[in-house]
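Residue numbers (my numbering), protein chains in the order written: chain A, 10 to 325; chain B, 1092 to 1356.
Here is the structure we will look at, set down as structure tokens.
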Amino acid sequence: MREVMRPLARKLFQALLLVVGVTLISFLLMVWFGPDQTYTLIGKNATTEQIAEVRHQLGYDDPFLLRYGEYLLELVTLDLGVSNASGESVRTLLARTVPISLVLMIPGFVLGNGVGIALGLASAHRRGRRSDRLITALSVTGMSISFLVVLIAFQVLFSTPYGLDLFPVRGWRVSGWTSYLHYVTVPTLALLFVTFGYNTRFYRALFIEEIGRDHIRAARALGASESVILWKHVLKNSMVPIITRIMFSIPLVVISGSLLIESYFGIPGIGQATFEAITSGDQPVLKAVVGLTAVAFVAIQFLTELLCRRLDPRLG
Amino acid sequence: MTASALDIRHLSVDLGSGKERRTVVDSVSFELRRGEVLALVGESGCGKSKTAEAIMGLLPPGRSRVRAERIRLGEHELKDLPSRAMRKFRGRDISMVFQEPRAALDPVFRVGQQVSSVFRRHRGHSGSKARTASAEMLLRVGFAEPGRVMRAYPHELSGGMCQRIGIAMAMACRPQVLIADEPTSALDVTTQAQVLAQLIRSCRQEETAVLLITHDLGVVAQYSQRALVMRQGKLVEEASVADLFTRPHNEYTRSLLTMAQAGMA
Chain A
10 MREVMRPLAR
20 KLFQALLLVV
30 GVTLISFLLM
40 VWFGPDQTYT
50 LIGKNATTEQ
60 IAEVRHQLGY
70 DDPFLLRYGE
80 YLLELVTLDL
90 GVSNASGESV
100 RTLLARTVPI
110 SLVLMIPGFV
120 LGNGVGIALG
130 LASAHRRGRR
140 SDRLITALSV
150 TGMSISFLVV
160 LIAFQVLFST
170 PYGLDLFPVR
180 GWRVSGWTSY
190 LHYVTVPTLA
200 LLFVTFGYNT
210 RFYRALFIEE
220 IGRDHIRAAR
230 ALGASESVIL
240 WKHVLKNSMV
250 PIITRIMFSI
260 PLVVISGSLL
270 IESYFGIPGI
280 GQATFEAITS
290 GDQPVLKAVV
300 GLTAVAFVAI
310 QFLTELLCRR
320 LDPRLG
Chain B
1092 MTASALDIRH
1102 LSVDLGSGKE
1112 RRTVVDSVSF
1122 ELRRGEVLAL
1132 VGESGCGKSK
1142 TAEAIMGLLP
1152 PGRSRVRAER
1162 IRLGEHELKD
1172 LPSRAMRKFR
1182 GRDISMVFQE
1192 PRAALDPVFR
1202 VGQQVSSVFR
1212 RHRGHSGSKA
1222 RTASAEMLLR
1232 VGFAEPGRVM
1242 RAYPHELSGG
1252 MCQRIGIAMA
1262 MACRPQVLIA
1272 DEPTSALDVT
1282 TQAQVLAQLI
1292 RSCRQEETAV
1302 LLITHDLGVV
1312 AQYSQRALVM
1322 RQGKLVEEAS
1332 VADLFTRPHN
1342 EYTRSLLTMA
1352 QAGMA
């Protein structure tokens, strides 16, 4: 048991150090050197006493460590203050928008990786043959078309009288499974189209490397079938890079991916909320998003490490 | 029953496609008799391994082309066999041991699972029966405690141990033919002799014919009855080991022998 716990404890300690590091940076950028609200609150012609009083009320004259500690406490307790723009508490804003972004992005993300793995495997297996060249050509085409074109083309194709006219162009009035599918389909297809090329190329390269290994040839020499080779040997040996890629793209997909999709489809998720906070300089919201994303990255790194250790005996 | 375990006539291998196509094995013919050890000698890159892979049907179909008049394994013609049918023979009637013993084992599965899979595949054994058969096979290649080895992952074992496991897996179904592609080149000098002796002993027990690919003429002299010399994709000499060392016909064979004597090869 001690042999298992010791590297775990060390990883946990490293993760904690990393949390301190990333929160310190986001604190410096967003709070310590962040926007000063004194003059927005009291105007231009204030006396020195008034300025000092407001700065004191806002906590600007507190020492560095105290303010950093307060920032950490805010992140830990999720007591993130109130949005300057809407007066809504940041916590309820996150509770309202993050679930929307998650259910919006999950189908496309899962499908994108699933399709990428399946096509990559097929392509690697039939390397150099016609089906491989076809998949490669499709992937490169998918990668070459700008997502802006894809989003607009899909909206025209699926949501207007010029095309199928089956789905809404914009919005998110979801109250059950049918309405969910109604609103999520076009963004999911667009996301799938934009990402499948990158995923397929990545997974193809990964699987080609694994297929070329000696133990694959040895398994063949002992009569293993192609399906055993692909689904058992190649896939299990590829799990570490697959898991790493998927885990580390989660925060990026949820924040920046949904930022694009949500602004195009008018969906009130965390991406759109962040976009609005950036344009209006809504500092409490930005502070929360940046801080929590950093913490999420560290948590994901820690989880990935644990998963990979279970999947590859050489790491454990 | 024919006298030859493996009968190869005019086997050629081309790699690449279009203008980049080059012939790496050029019209090779030979016969491996039942139960004999036949050495295939030549410098690296001369096409020894490609010959072996072509016989086993292991070359990728999209980027290589294998032509032959005849590839007979006992009574079975393997030439132009569809891959599904060829698979049945691999590991059961014709098997192979590789140069890099640890790399030839899958790093993420336990040894026991890997050895058992051969019995499950070709003998149709259930899980527990396959495990018993695997333990027995590992015992036969010199592991005193098969249970411990079966629980291990390849990276926890030495190269010599990994090659013994490779031999156990290749010999699991008592094949007619075993192709050993430089089976000990990657091992320490001290373990080389033991592992090779184990391989030859196992094959004698099962009356398996061995095509022993090597560049080590000492190994040729010690273990094989006959030898083939290969150069630039062509067979340049076929002789009994006694003749090869005393009366080499080919100029290239003579130069190989002189270099071996000088300790250069």
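A virtual CB, placed ideally from N, CA and C, is assigned to each residue, including glycine.
Chain A within 8 Å of residue i, Cβ atoms only
{"i": "VAL1199 (chain B)", "result": "yes"}
{"i": "GLN1141 (chain B)", "result": "A small fix is needed here, since residue 1141 (chain B) is Lys in this sequence, not Gln. False, the Cβ-Cβ gap to chain A never drops below 8 Å."}
{"i": "GLU1191 (chain B)", "result": "yes"}
{"i": "MET1260 (chain B)", "result": "yes"}
{"i": "ALA1194 (chain B)", "result": "yes"}
{"i": "MET1350 (chain B)", "result": "no"}
{"i": "LEU1149 (chain B)", "result": "yes"}
{"i": "VAL1209 (chain B)", "result": "yes"}
{"i": "HIS1167 (chain B)", "result": "no"}
{"i": "TYR1343 (chain B)", "result": "no"}
{"i": "MET1241 (chain B)", "result": "no"}
{"i": "LYS1110 (chain B)", "result": "no"}
{"i": "SER1186 (chain B)", "result": "yes"}
{"i": "HIS1213 (chain B)", "result": "yes"}
{"i": "GLY1182 (chain B)", "result": "yes"}
Residue closest to residue i, alpha-carbon to alpha-carbon, out of the options
{"i": "LEU130 (chain A)", "options": "A:ILE264, A:SER265 and A:GLU218", "result": "A:GLU218"}
{"i": "ALA1271 (chain B)", "options": "B:ASP1279, B:VAL1311, B:VAL1280 and B:ALA1235", "result": "B:VAL1311"}
{"i": "LYS1110 (chain B)", "options": "B:MET1147, B:ARG1154 and B:PHE1121", "result": "B:ARG1154"}
{"i": "TYR192 (chain A)", "options": "A:ARG64, A:ILE270, A:PRO293 and A:VAL91", "result": "A:ILE270"}
{"i": "ARG1212 (chain B)", "options": "A:ALA233, A:LEU111, A:LEU33 and A:LEU81", "result": "A:ALA233"}
{"i": "ARG179 (chain A)", "options": "A:LEU84, A:SER168 and A:MET39", "result": "A:SER168"}
{"i": "GLY1257 (chain B)", "options": "B:SER1208, B:GLY1215 and B:VAL1280", "result": "B:SER1208"}
{"i": "LEU198 (chain A)", "options": "A:ILE144, A:ILE252 and A:MET114", "result": "A:MET114"}
{"i": "PRO1237 (chain B)", "options": "B:HIS1246, B:LEU1278, B:LEU1326 and B:THR1223", "result": "B:THR1223"}
{"i": "LEU239 (chain A)", "options": "A:LEU215, A:ILE252, A:SER258 and A:PRO260", "result": "A:LEU215"}
{"i": "LEU1102 (chain B)", "options": "B:VAL1157, B:ARG1255 and B:GLU1122", "result": "B:VAL1157"}
{"i": "ARG1124 (chain B)", "options": "B:ALA1353, B:ILE1185, B:ALA1300 and B:THR1337", "result": "B:ALA1300"}
{"i": "SER1293 (chain B)", "options": "B:LEU1278, B:ARG1322 and B:VAL1232", "result": "B:VAL1232"}
{"i": "PRO1152 (chain B)", "options": "A:ASN246, A:GLY137 and A:GLN292", "result": "A:GLY137"}
{"i": "GLY1250 (chain B)", "options": "B:GLU1298, B:GLU1191, B:VAL1206 and B:ALA1226", "result": "B:GLU1191"}
{"i": "MET39 (chain A)", "options": "A:GLU83, A:PRO177, A:VAL299 and A:LEU26", "result": "A:VAL299"}
{"i": "VAL237 (chain A)", "options": "B:ARG1178, B:VAL1115, B:VAL1320 and B:LEU1150", "result": "B:ARG1178"}
{"i": "LYS1325 (chain B)", "options": "B:ALA1096, B:GLU1134 and B:ASP1098", "result": "B:GLU1134"}
With 16 other Cβ atoms within 10 Å as the buried cut-off, status of residue i
{"i": "MET10 (chain A)", "result": "In this predicted model, MET10 (chain A) has a pLDDT of only 48, less than 50, meaning its place in the structure is not dependable; the value taken from the coordinates is given anyway. It counts as exposed."}
{"i": "SER1217 (chain B)", "result": "exposed"}
{"i": "PRO1173 (chain B)", "result": "exposed"}
{"i": "GLY1203 (chain B)", "result": "buried"}
{"i": "HIS224 (chain A)", "result": "buried"}
{"i": "GLY1107 (chain B)", "result": "exposed"}
{"i": "SER184 (chain A)", "result": "exposed"}
{"i": "HIS242 (chain A)", "result": "buried"}
{"i": "GLU58 (chain A)", "result": "exposed"}
{"i": "LYS296 (chain A)", "result": "buried"}
Contact with chain B by residue i, beta-carbon distance below 8 Å
{"i": "ALA146 (chain A)", "result": "no"}
{"i": "ALA230 (chain A)", "result": "yes"}
{"i": "HIS134 (chain A)", "result": "no"}
{"i": "PRO16 (chain A)", "result": "no"}
{"i": "GLY137 (chain A)", "result": "yes"}
{"i": "ARG222 (chain A)", "result": "yes"}
{"i": "PRO322 (chain A)", "result": "yes"}
{"i": "GLY93 (chain A)", "result": "According to the sequence as given, residue 93 (chain A) is Asn; it is not Gly. It does not; no Cβ of chain B falls within 8 Å."}
{"i": "ALA233 (chain A)", "result": "yes"}
{"i": "ALA127 (chain A)", "result": "no"}
{"i": "LYS20 (chain A)", "result": "no"}
{"i": "ARG226 (chain A)", "result": "yes"}
{"i": "ASN246 (chain A)", "result": "yes"}
{"i": "HIS191 (chain A)", "result": "no"}
Bridge partners - residue i, DSSP secondary structure assignment
{"i": "LYS1325 (chain B)", "result": "B:ARG1322"}
{"i": "THR1305 (chain B)", "result": "B:VAL1132"}
{"i": "VAL3 (chain A)", "result": "Here chain A covers residues 10 to 325 and nothing more, so residue 3 (chain A) does not appear."}
{"i": "ALA1271 (chain B)", "result": "B:VAL1188 and B:LEU1303"}
Closer than 7 Å: residue i CB and nearest the ligand COA heavy atom
{"i": "SER258 (chain A)", "result": "With respect to the ligand COA, the structure offers nothing, as it holds no ligand at all."}
Original post:
Along the chain, which unbroken stretches of the beta strand (DSSP E) at least 3 residues long are found entirely within the stretch 1103 to 1150 of chain B?
Top reply: 1113 to 1124 and 1128 to 1132
**OP:** Report the residue ranges of all alpha helix (DSSP H) runs contained in full by the stretch 1225 to 1262 of chain B; include only those spanning at least 4 residues, in chain order.
**Re:** 1237 to 1242 and 1250 to 1262
**OP:** Could you tell me which uninterrupted alpha helix (DSSP H) segments, each at least 4 residues in length, are contained entirely in the stretch 131 to 205 of chain A, listed from first to last along the chain?
**Re:** 139 to 153 and 156 to 168
Original post:
Counting only runs that start and end within the stretch 1156 to 1201 of chain B, where is the alpha helix (DSSP H) found for 4 or more residues in a row?
Top reply: 1174 to 1180
Original post:
What residue ranges within the stretch 274 to 304 of chain A form continuous alpha helix (DSSP H) runs of no fewer than 4 residues, ordered along the chain?
Top reply: 279 to 289
Subject >> alpha helix (DSSP H) runs wholly inside the stretch 34 to 82 of chain A, at least 4 long, in chain order >> reply: 47 to 51 and 57 to 67
Subject >> Any alpha helix (DSSP H) of 4 or more consecutive residues that is wholly inside the stretch 233 to 281 of chain A >> reply: 248 to 261 and 267 to 274
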